[in-house]
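>
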Amino acid sequence: MAHLVHQYLSETAGRDPSRTALIAGDVRRSFAELDRESDAVACALQSAGIARGDRVAVMLENSIEYVAGLFGTLKAGGVFVPVNPSTKADKLTYLLADAGVRVLIVPTALARQVLPALEAVETPPAVLWVGAGLPGGATGLLYADALAAPHRQPVDPGLIDQDLAAIMYTSGTTGRPKGVMLTHANYVNTSWSISTYLGNTPDDVVMCVLPLTFGYGLSQVLTGARVGFTLVLERSFAFPMETLKRMVQHRVTGLPGVPTVFSTLLGLEAAKTADLGSLRYLTNAAAPLPAAHLRRLRERFPQAVFHSMYGMTECCTRISTLDPADLDLKPTSVGRAIPNCEAFVADEDGNRLPPGQVGELVVRGANVMRGYWNRPEETARRLRRGPQGETLLFTGDLFTQDAEGHLYFVSRKDDVFKCRGEKVSPKEVENALYELEGVLEACVIGVPDDADGLAVKAFLVPREGAAISEAAIRQHCRGRLESHLVPKFIEFRDSLPKTDSGKIRRAELVEEVQAQAPSPTLPRFAGEGGRPTAASVPSPA
Numbered sequence: 000m001a002h003l004v005h006q007y008l009s010e011t012a013g014r015d016p017s018r019t020a021l022i023a024g025d026v027r028r029s030f031a032e033l034d035r036e037s038d039a040v041a042c043a044l045q046s047a048g049i050a051r052g053d054r055v056a057v058m059l060e061n062s063i064e065y066v067a068g069l070f071g072t073l074k075a076g077g078v079f080v081p082v083n084p085s086t087k088a089d090k091l092t093y094l095l096a097d098a099g100v101r102v103l104i105v106p107t108a109l110a111r112q113v114l115p116a117l118e119a120v121e122t123p124p125a126v127l128w129v130g131a132g133l134p135g136g137a138t139g140l141l142y143a144d145a146l147a148a149p150h151r152q153p154v155d156p157g158l159i160d161q162d163l164a165a166i167m168y169t170s171g172t173t174g175r176p177k178g179v180m181l182t183h184a185n186y187v188n189t190s191w192s193i194s195t196y197l198g199n200t201p202d203d204v205v206m207c208v209l210p211l212t213f214g215y216g217l218s219q220v221l222t223g224a225r226v227g228f229t230l231v232l233e234r235s236f237a238f239p240m241e242t243l244k245r246m247v248q249h250r251v252t253g254l255p256g257v258p259t260v261f262s263t264l265l266g267l268e269a270a271k272t273a274d275l276g277s278l279r280y281l282t283n284a285a286a287p288l289p290a291a292h293l294r295r296l297r298e299r300f301p302q303a304v305f306h307s308m309y310g311m312t313e314c315c316t317r318i319s320t321l322d323p324a325d326l327d328l329k330p331t332s333v334g335r336a337i338p339n340c341e342a343f344v345a346d347e348d349g350n351r352l353p354p355g356q357v358g359e360l361v362v363r364g365a366n367v368m369r370g371y372w373n374r375p376e377e378t379a380r381r382l383r384r385g386p387q388g389e390t391l392l393f394t395g396d397l398f399t400q401d402a403e404g405h406l407y408f409v410s411r412k413d414d415v416f417k418c419r420g421e422k423v424s425p426k427e428v429e430n431a432l433y434e435l436e437g438v439l440e441a442c443v444i445g446v447p448d449d450a451d452g453l454a455v456k457a458f459l460v461p462r463e464g465a466a467i468s469e470a471a472i473r474q475h476c477r478g479r480l481e482s483h484l485v486p487k488f489i490e491f492r493d494s495l496p497k498t499d500s501g502k503i504r505r506a507e508l509v510e511e512v513q514a515q516a517p518s519p520t521l522p523r524f525a526g527e528g529g530r531p532t533a534a535s536v537p538s539p540a
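Numbered by numbering that gives the first Met the number 0, the letters in the sequence shown go through residues 0 to 540 in order.
1) Relative to the C-alpha of Thr320, which residue among Pro287, Glu347, Leu352 is closest?
2) Taking all protein chains shown into account, decide if Val26 is buried (16 or more other Cβ within 10 angstroms of its Cβ) or exposed.
3) When DSSP labels each residue in this structure, what does Ser319 get in the three-state scheme?
4) Span of the beta strand (DSSP E) holding Arg363?
5) Considering only their Cβ atoms, is the gap separating Phe79 from Val57 smaller than 8 Å?
6) Can you tell me which of the three DSSP states Gly171 falls into?
7) Under the DSSP definition of a beta bridge, which residues are partnered with Pro210?
8) Could you round the C-beta distance between Gly223 and Thr312 to whole angstroms and report it? I think they count as a contact, below 8 Å.
9) Just mark Leu158 as buried or exposed, buried being the case when its beta carbon has 16 or more other beta carbons within 10 Å.
10) Going residue by residue through the region 359-440, where are the continuous beta strand (DSSP E) segments of at least 3 residues, counting only ones entirely within it?
11) Going by Cα to Cα distance, which pick from Cys315, Val438, Lys422, Leu278 is closest to Arg297?
12) Along the chain, where does the beta strand (DSSP E) containing His306 start, and where does it finish?
13) Does the count of Cβ pairs from the region 452-466 and the region 488-506 closer than 8 Å reach three?
14) Confirm, please, whether the CB-CB distance from Leu211 to Pro81 is below 8 Å.
15) Go to Val40, then tell me how far its alpha helix (DSSP H) extends in each direction, as first and last residue.
16) Among the candidates Asp89, Asp327, Val102, Pro496, whose CA atom is the shortest distance from the CA of Val304?
17) Please classify Thr532: does DSSP put it in a helix, a strand, or coil?
18) Quick one, are the C-beta atoms of Gly198 and Arg18 less than 8 Å apart?
19) Just mark Ser192 as buried or exposed, buried being the case when its beta carbon has 16 or more other beta carbons within 10 Å.
20) Classify Gln474 as buried or exposed, calling it buried when 16 or more other Cβ atoms lie within 10 Å of its own Cβ.
21) Kindly confirm or deny that the region 108-125 and the region 146-156 touch, where touching means at least three C-beta pairs closer than 8 Å.
22) Looking at the structure shown, is Glu463 part of a helix, part of a strand, or coil, going by DSSP?
23) Exposed or buried, Arg317, counting other C-beta atoms within 10 Å across all chains shown (16 or more means buried)?
24) Closer than 8 Å by C-beta to Asp202: which residues in its own chain qualify, once you throw out the five before and the five after it? Chain order, please.
25) For a test of the three-state rule: what should DSSP assign to Asp89, helix, strand or coil?
26) With a CB to CB cut of under 8 Å and the five nearest residues on each side skipped, what residues in its chain are close to Lys456?
27) Over the uninterrupted beta strand (DSSP E) stretch that includes Leu181, give me the two end residues.
28) List the DSSP bridge partners of Arg351.
29) Identify the residues that DSSP records as bridge partners of Asp448: which are they?
30) At which residues does the alpha helix (DSSP H) containing Ala119 begin and terminate?
31) Residues in its own chain within less than 8 Å of Ala184 by CB, not counting five upstream and five downstream?
32) The beta strand (DSSP E) that contains Leu232, what's its start and end?
33) Examine the Cβ distances between the region 235-254 and the region 90-109 and report whether three or more of them are shorter than 8 Å.
34) Which complete alpha helix (DSSP H) runs does the region 256-281 hold, if anything under 4 residues is left out?
35) According to DSSP, simplified to helix, strand and coil, what is Ser518?
36) Drop a sphere of 10 angstroms on the beta-carbon of Lys87, count the other beta-carbons inside from all chains shown, and report buried for 16 or more, exposed for fewer.
Structure follows, in structure tokens:
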């Protein structure tokens, strides 16, 4: 049985070599072909000096080369560092320097944004260029030349499952991104857990529109290699009609998504008549899916089961999942902890709270990160020792838990603010707004107000062609929310700022409001001492 991530690919290639592993546009790779291609990448990396623990950054769009680069890095003994290909030069400089990257795998098309970053780094990495010919002024090795070299097995780097497999930089909704250190054991355990509760088999065909630089997208690759199913790679969900056609063409059985993906899918007229009878399951993570969207998805795809999940980069992207059988009974829950993981709600001292009380979610298990790269103080704040010497992760998310262990997300601790002396959970207001069919996206923050201190403001993106008024929105909210939760201010926009993983950047909207405020001392998200306490926060349940 595999105890290292890349052994999944090698074992599946040996067991079922001709089965299709990847489909990217018109190109396919069998498991044997992918295994061989990743061997070539590993040998090229080792020739460039990569040894156990060295960091290799992969800055590619969803592609076969990305997946081969991932497995090739691990086979060489390296630590995989995914970088979004839209990353600008200044941020790329920071990531390369912070991680101490030794080799960068990048397309030649990005040379203009990459070369300035390479010049700015004190010790620039070697570069493996994907494309035809070296860019002007560039040095390095071509990916095509690595593949053309005579085939050989990479040198065994002598890894164990406690070695680092990846440094995943958080999406950075606030401040500089932090590098989350995840081991082979983290990924092996989580891939097993995910494939177990989803019931994946080699007959599955999973559509991946999620960026592979995002942990949720990456988990599709690793689970596919473990189980031996086919993964259909889309570069994004920017052209949903094309994605829909390919879902029909390839008889897709699984669709992992985020709320923006499902909102767009629900708005496609063609999706109402498309033959998606092969679809067996849908999964949602990254941000809670509004209950109204969930109801419409189940009506649109009655044959498919829906898995509502919760996770974070620090827990290898997965903490809990809601059994589809519980959807009708607990539609606002994100379920219970995944296999080989425990999650509970605690007060600020780490004491477990009884059912129904709001507190911080604490996690222990094989999915918990090693820590933050080069950030010992931040690591010490988030990771603490449990009573049995185990590692406990304090997530920074407020939750409630019922008597059966089901978890209910309330808010990020830093998102909670007070209006008229009452605490406001933005999630509760957003849930009410998403019940309106004309609302595509919603984000709620607190803004300065002479009467209320901080008043509720809703930023909304209407669905195309929808006619919704501020008066109708407030009337709807008054019927579902306490008076202090009804938005005092409403602003319609064409789009909302998002992270690379599709989460709405609430903090960016707050900063925008702060910049417009006459006083530079606008409180961030108000609570006792500037931080909310773990009590009396309204629950969405």
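From the three backbone atoms N, C-alpha and C, an ideal C-beta is built for every residue, glycine too.
In short:
1) Measuring C-alpha to C-alpha distances from Thr320 to each of Pro287, Glu347, Leu352 identifies Pro287 as the nearest.
2) Under this definition Val26 is an exposed residue.
3) Here Ser319 sits in strand by DSSP.
4) Boundaries of the beta strand (DSSP E) harbouring Arg363: 358-364, taken from the DSSP string.
5) Their beta carbons are under 8 Å apart, which means Val57 touches Phe79 by this criterion.
6) At Gly171, the pLDDT of 48 sits below 50, so the modelled position is not reliable and the matter cannot be decided from this model.
7) In DSSP, Pro210 forms no bridge with anything.
8) The pair is not a contact, with the Cβ atoms about 20 Å apart (cut-off 8 Å).
9) Label assigned to Leu158: buried.
10) Listed in chain order, they are 382-384, 390-400, 406-411, 416-418, 421-423.
11) For Arg297, the nearest C-alpha among the options comes from Leu278.
12) Note, His306: beta strand (DSSP E), 304-309.
13) Using a C-beta cut-off of 8 Å, the region 452-466 makes contact with the region 488-506, since at least three inter-stretch Cβ pairs fall below that distance.
14) Here Pro81 is near Leu211, since their CB atoms are less than 8 Å apart.
15) Counting along the chain, the alpha helix (DSSP H) containing Val40 begins and ends at 30-46.
16) With distances taken between Cα atoms, Val304 lies closest to Asp327.
17) At Thr532, the pLDDT of 30 sits below 50, so the modelled position is not reliable; the number obtained from the coordinates is stated separately. Coil at Thr532, not helix or strand.
18) When the beta-carbon positions are compared, Gly198 and Arg18 stay at least 8 Å from each other.
19) Result: buried.
20) So Gln474 counts as exposed.
21) Contact fails: fewer than three Cβ-Cβ distances are below 8 Å.
22) The answer is coil: DSSP assigns Glu463 none of H, G, I, E or B.
23) With a 10 Å radius around the Cβ and a threshold of 16 neighbouring Cβ atoms, Arg317 comes out buried.
24) Here the set comprises Phe228, Thr252.
25) DSSP places Asp89 in the helix class (H, G or I) of the three-state scheme.
26) For Lys456, where only same-chain residues beyond five positions count, the Cβ hits under 8 Å are Val443, Ile444, Gly445, Val446, Pro486, Lys487, Phe488, Ile489, Glu490, Val512.
27) First-last of the beta strand (DSSP E) with Leu181: 178-182.
28) Beta-bridge partners of Arg351 (DSSP): Ala345.
29) Note: Asp448 sits in a beta bridge opposite Gly452.
30) Annotation for Ala119: the continuous alpha helix (DSSP H) segment containing it runs 110-119.
31) Only His2, Asp160, Gln161, Ala365 meet the Cβ criterion.
32) Leu232 -> beta strand (DSSP E) spans 229-232.
33) Contact fails: fewer than three Cβ-Cβ distances are below 8 Å.
34) As far as the region 256-281 is concerned, its whole alpha helix (DSSP H) runs of at least 4 residues are 258-265.
35) The pLDDT assigned to Ser518 is 40, lower than 50, so where the model puts this residue is not dependable; a value taken from the coordinates is nonetheless given after this. DSSP places Ser518 in the coil class of the three-state scheme, outside both helix and strand.
36) Lys87 sits exposed, since fewer than 16 C-beta atoms from the chains shown fall within 10 Å of its C-beta.
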